[in-house]
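Residue numbers (the numbering used here), protein chains in the order written: chain Y, 1 to 360; chain U, 1001 to 1294; chain S, 2001 to 2282.
First up is the structure itself, then whatever we jot down about it.
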Amino acid sequence: MTAASPRTAAAAPDTRPGVPIRIEGLTRRYGSVVALDGLDLDIAGGEFLALLGPSGCGKTTALRAIAGFDRPDAGRVLLGDRDVTGVPANKRDAGMVFQAYSLFPNLTVAENVAFGLRVRRRDRAEQRTRAAELLELVGLADRGDRYPHQLSGGQQQRVALARALAVAPKVLLLDEPLSALDAQVRVQLREEIRRIQLELGITTVFVTHDQAEALSVADRVGVMRAGRLEQVAGPDELYERPATAFVAEFVGTMNRLPATLSAGAVELLGVRRPVAGSAPAGAVEALVRPEALVVTAGGPAHVVTRTFSGAVTRLLVALPDGTEVRADLASADSQHLTAGTAVSVVPAERPVLVVPAEPA
Amino acid sequence: MTALAEGVAGAGGVAPDTPVRSGRRGGGAWRFAVLGLLGLYFLIPIAASFWFTVRDRRDGGVTAEFYTGIPGADGFAEAFTRSLILAALTVLLALALMIPTVVLVDLRLPRLRTAVELLTLMPLVVPPIALVVGVRSVLSWAPDYFLGTPLADAFFAIQEPDLPWILVFAYVVLALPFVYRALDAGVHGADLRTLTEAARNLGASWPRVLVSVVLPVLRTSVLNAAFLTLALVLGEFTFANILGFETFPTWILRISGSAPQLSVAVSVLSLLVTWLLLLMISALDRRRGTEETA
Amino acid sequence: MLTALGTVPFFLYVAVFLLLPIAVLAVEAFRATDPVTYEETWSTGSITTITEGVYRRAYLGSLQLSLITAVLAAVLGLALAVAILRARRGQLLRRMVLTASGVLANFGGIPLAFAFIATIGNQGVVTALLQDTLGIGLGGFSLYSMTGLALVYLYFLVPLMVLTIIPALEALRPQWREAADNLGATGWQYWRYVGGPVLAPPVLGATMLLFASAFAAYATAKALVGSSVPLVTLQIADALSSNVVVGAENLGKALALGMVVVVGLVMAFYAWVQRRTQRWLA
């Protein structure tokens, strides 16, 4: 069983079967608000790309433009080599899973899954076997004759996924499909989505505002802000080498500290470290991950709170000037650093990322 | 497009996460046809009625005499006052009956909910004229069977033409669906259970809970129910007509033969009164809405 | 158990002022008074009478008028409701139509009848206008007829439909339409498989409400046509106001009981359809 269209498979038999997506100069305005500002994005066939960003950054608008729900004011959308910019949503072959409550309430689970085949007038037997096949894939083979309201939220989203995949779409679009679910179900389902995606090799765009979700499942993550992409990169690179302060702060936790840049080194918290990133010499902002701070007992700073979370413990430390920083330590090494303890904080011995200081 | 912009601006000037569906372009013609035709259908009678009442038949000019003549019209004052008194009594009785019931059912007796709901919906489907025939039959027991007993005296007392209490009793029944739904919405919207539990937890007695928690919380729904009932009683014709009492609507019908313009003028005014009552309700609703989101 | 006592006034009140009168109807419709001895006996005479002749015509007239106006109002009201909801964020228009619907749905009875008399009655403003300009008046149309009544009834039934159906329309999630689009459905297919089936029960329910409302309407008909149009409500009023015919009172009760039975049957049908169509809501 393959989700790719036969045409693409024939055209490129030796590559991954998925259809590439290409977005060129996509612009969309709502009144005076710019939701998409000339967005360019290339997604390889079979790739799992997450679009990450705060609400209102345009990620959902971008996804809806690919699905055809939203006509862009300018720009093009290509699925494979086909320009679909003007193609209505019901002729696009893009499977979509919505945030929640998108199952048709009057149809059973199996009828929901078979809906795409039904409107394509496939015969009943084919509808039935295909629905059973897809329900098997998402682990709900025994729930075919239930109605959506009889399922849990997580099960409903599985059905929605099965329904989107039943018509063998060229690409799979996921619009925050996990945001309405409980934390545990969320983790479980995102792993399952990834498993199915790899199994089918279908090009997938996954919109989310949860960075942990994006980093854990995607091949690449695109961080969006104000209708533009700030950075598109693999999860590791995004975390280790954020291109901008915005990305740095949005992905993971980041301390922003004032620092001085001179002679290829940065002076920070009273010590000098090699520099990564670029900024004009002088006052800069240093971006330091909590795990890149070293906390030792005794010193001018003091611990404000200590939050234990298994192997790692996070300390909130107030510096002498009142600035608060977050530092992560192995729990075993930090038992004595309780709230109120006097400590000193320095950056670990490794290059420190700096960005131009933003005017306050 | 401007409407869209408004909607977006309402979201704090940030593009909504799930943008408003842009809608199908084109296909708007039928919409305008529907709105236009129905708009005409609903506006013409009102406009024509107004013209009917201000046109001076003698010189073709304009006159307000039919409106200024209403207060002095024969029988108007009594009939209208009677309707107002009936309305006030109906509102009070309906609230006195329903507030404890709705609150009790919601807080303590959820088992009774279905029964209360069904009973309060009945007046919506039982034709008033059928109900009034039944009421008339019951009332006729007084001369037929009970003559000379205190019960018969009570039956006659509630049929006093100056203040027919039987209409109040019947109108309370007719108002049940609206009063119940308004109060029930208020009780639900406020999560009265949590509020009363909190008050009880802080040591308030049940009467105290009623006065200082339940009533203030239900204020808007009580007013809502009151206005709806008021509108209902001021327009009710069937009971008054069949039982032979003169109220505002039956008065209009009585004078219509001799004073057609006057009857239409009063009708136009009563439309305005209904309008005002409902505007007040929606103003209340909106205020409650903003209070809740604030 | 003391708290249960608090609901006694309500149940007592409903029993006395709602259930008792209906029960009395159901019993006394089967009583007959002998015109000579004034003795009361059990009899199905009244019931037989109301299924014949003028009364039969009155029932058929009422059923016909209510059914036609209910269906028409349901269609028009649904179209109007869809039109104002489709005006995306057309907040002003929407609020205007909703408020107007609230007012007009309550604007029944006597004032409504006079508004139409002033408009297209014999002396009506529009009647005169058409007479003066086109010289044809209203053509063959008469306000004081079944058709005229239907036209007037729509005036409060359409707003009633708008008010009752808007919550159901708002409950249609935009995701369903988008999901259907996404799966390749045409607009028609969406309505055929999803929108229509989901909307059908509330539309049917609203239509039933309109039917009950039109069937029970009395004031408007009384003011417009007296008793020249065969309608049950008018026949009941006639029977009750007749001091001449002995037993007319019981005839009125039989007619009223008949109305309750008709409405009851309609509601039973509605409940049955609801149960069949709403498996997915259970």
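From the three backbone atoms N, C-alpha and C, an ideal C-beta is built for every residue, glycine too.
Please read all numbers here as calculations on a predicted model, not as lab measurements.
query, result
"C-beta atoms of S:Leu2210 and S:Leu2149 nearer than 9 angstroms", "no"
"CB contact flag (Y:Val205, Y:Val159, <9 angstroms)", "no"
"Alpha-carbon to alpha-carbon, S:Thr2207 and S:Gln2123", "34 angstroms"
"Test: Y:Val19 CB closer than 9 angstroms to a CB of chain S", "no"
"Contact with chain Y by S:Asn2106, beta-carbon distance below 9 angstroms", "no"
"U:Trp1141 to U:Leu1167 span [Cα, whole Å]", "17 angstroms"
"Contact list for Y:Phe250 against chain S, beta-carbon separation under 8 angstroms", "Going along chain S, no residue has its Cβ under 8 angstroms from Y:Phe250, so there is no contact; the nearest lies around 27 angstroms."
"As assigned by DSSP and simplified to three states, the class of S:Tyr2144", "coil"
"DSSP-derived helix/strand/coil call for Y:Glu126", "helix"
"Residue-level contact to chain Y via CB, S:Arg2275, 9 angstroms cutoff", "no"
"DSSP-derived helix/strand/coil call for U:Asn1201", "helix"
"Residues near S:Leu2154 in its chain [Cβ-Cβ closer than 8 angstroms; skip 5 each side]", "Thr2069, Leu2072, Ala2073, Leu2076"
"CB contact below 9 angstroms: Y:Ser102 versus chain S", "yes"
"Distance between Y:Asp210 and Y:Val294 (C-alpha atoms, nearest Å)", "28 angstroms"
"Whole-Å CB distance - S:Thr2186 paired with Y:Asn90, under 8 angstroms assumed", "6 angstroms"
"Test: S:Arg2173 CB closer than 9 angstroms to a CB of chain Y", "yes"
"Environment of U:Val1211 [buried if 16+ CB atoms lie within 10 Å]", "exposed"
"Where the stretch 2197 to 2220 of chain S meets chain Y: residues whose CB sits under 7 angstroms from a CB there", "Pro2197, Val2198"
"Within-9 angstroms CB hit, U:Arg1208 to chain S", "no"
"Within-9 angstroms CB hit, U:Thr1250 to chain S", "yes"
"Nearest residue (CA-CA) to S:Phe2141, options S:Thr2127, S:Val2203, S:Ala2268", "S:Thr2127"
"DSSP bridge partner residues for Y:Glu267 (one or two, in chain order)", "Y:Thr260, Y:Arg272"
"For Y:Val271, the nearest candidate out of Y:Pro347, Y:Arg76, Y:Ser32 (CA to CA)", "Y:Pro347"
"Neighbourhood of S:Leu2092 by C-beta distance below 7 angstroms, restricted to the same chain and skipping five residues each side", "none"
"Bridge-paired residues (DSSP) for Y:Phe308", "Y:Thr313"
"Contact between the stretch 141 to 157 of chain Y and the stretch 105 to 116 of chain Y (3+ Cβ pairs under 8 angstroms)", "yes"
"Segment contact, 8 angstroms Cβ cut-off, at least three pairs: the stretch 332 to 343 of chain Y with the stretch 266 to 284 of chain Y", "no"
"Paired residues, beta bridge with Y:Gly222 - DSSP", "Y:Leu51, Y:Val232"
"With 16 other Cβ atoms within 10 Å as the buried cut-off, status of U:Val1217", "buried"
"U:Arg1031 versus S:Pro2174, S:Leu2085, S:Arg2057, S:Ala2212, residue with shortest Cα-Cα distance", "S:Leu2085"
"Helix, strand or coil at Y:Tyr30 according to DSSP, with G and I counted as helix", "strand"
"Backbone secondary structure at S:Thr2127 - three-state DSSP", "helix"
"Beta-bridge pairing of Y:Glu324 - partner residues as DSSP gives them", "Y:Ala318"
"Contact list for S:Gly2124 against chain U, beta-carbon separation under 9 angstroms", "Ala1048, Phe1052"
"Neighbour flag for S:Met2267 against chain U, beta carbons, 9 angstroms", "yes"
"Residues bridged to S:Arg2275 (per DSSP)", "Paired residue(s): none; S:Arg2275 is not in a bridge."
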